[in-house]
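The block underneath contains the structure these notes are about, expressed in structure tokens.
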Amino acid sequence: VWELTFVSVGEYKEVWIPDDLVYEAVKSEYEAPDLLVNVYSDGSVFVSVPIATTLPCPMKLKDFPFDEQHCKFTFASWTSNAFEIDTQPRYDLGGKPVPIAFTKDYHRNQEFDLVKIKSHHFDSVYACCDEPYPVITFEMSVRRHPTTYFYGILLPMILTTLAGFLAFAANPDSGERIGLGITCLLTSAAIYIVAFEVLPKTGQMTMITEVHVISFCFSWATLAVSVVSVSLYAVKASGGP
């Protein structure tokens, strides 16, 4: 028999399968109830395992919501060293890395765009053992969609701050300078209070926080100048020519 090929489902435990996994995985769930093992006549074995993996990704949110995040994770065998198994990125017949392709079933994230994925292969040596262990590191770059945050938070803050400067164009006799300044100040605070529910909780200043602080300071400044100018105008008007 020269060509013998079979697909094993229930007997897959009798076929040796590498224990490769993602080291940083918080949770991994097999999407298929049984592993599908393809064994060919030349002794080669092909295993395709659909796994849903949850990974941690520490984020730097200083430029939020115009930020781009970089997430790294490690893929390697848990127990086998380089003399037993060699974990390599996928290459084509010409020796070039095969780019990661997404099927039509790929669902794009509503908040992030996947910009690029890079892989790097190297041998790691641990203090416990003399044998090298092959490791593949993947780095994903994702970019946030800023549209919702820009038009829902940043733009209203900027327009509210600019509206506060209109108080200087109002006639002091109308009595609306101080009222406009207070309204702009309260509007700026209300926008940030509502936006705080959807903003990421972080210990550092984000771009939205910086814009809010600047907007709040300008609103206070325009209100203070309006109060002083209206007071001086009232004193001058009461003193007569």
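Using our numbering, the final residue of the sequence shown is 256, and nothing's skipped along the way. Built from N, CA and C at the ideal position, the CB exists for glycine as well.
Kindly identify the DSSP beta-bridge partner or partners of residue i.
i	result
R105	Per DSSP, none; premise fails for R105.
E83	R158
A67	E44
D128	R158
L51	S63
T89	T152
D35	S92
Quick check: residue i and residue j, are their CB atoms within less than 9 Å of each other?
i	j	result
S203	Y148	no
F153	K87	yes
T221	F127	no
N53	V62	yes
I173	V226	yes
H136	V113	no
T69	A47	no
G194	V242	no
L14	S43	Not covered by the structure: residue 14. The range shown for the chain is 16 to 256.
P104	S134	yes
With a 10 Å radius around its C-beta and 16 neighbouring C-beta atoms as the bar for buried, classify residue i as buried or exposed.
i	result
A182	buried
T94	exposed
T160	It should be noted that the sequence gives His, not Thr, for residue 160. Exposed, since its Cβ has fewer than 16 Cβ neighbours within 10 Å.
V157	buried
I66	exposed
V16	Residue confidence for V16 is low, a pLDDT of 39 falling below 50, so the modelled location carries little weight and cannot support an answer.
Y164	buried
G58	exposed
S230	buried
W31	exposed
C199	buried
F90	buried
L19	In this prediction, L19 scores a pLDDT of 48, lower than 50, which makes its location untrustworthy; the coordinate-derived value is nonetheless stated afterwards. Burial call: exposed.
R192	buried
L247	exposed
L170	exposed
K131	exposed
Nearest CA to the CA of residue i: which residue from the options?
i	options	result
A184	S244, H122 and V30	S244
S139	L170, L129, T176 and F98	F98
L201	M74, A178, Q125 and T102	A178
M155	I168, D35, P73 and E191	P73
G167	F81, I193, E46 and I206	I206
I208	I223, R123, G194 and F233	I223
E258	D101, V240 and S246	It is not possible to answer for residue 258, since the shown part of the chain is limited to 16 through 256.
G218	Y38, K75, Y45 and A142	K75
T237	T175, E212, K131 and D82	T175
Y38	Y45, V60, P71 and E29	P71
F81	I132, N96, T162 and H122	T162
Using a Cβ-Cβ distance cut-off of 9 Å, determine whether residue i contacts chain D.
i	result
I197	Absent from the structure is chain D; it holds one protein chain and no more.
At 3 residues or longer, what runs of the beta strand (DSSP E) sit wholly inside the stretch 131-217?
148-159
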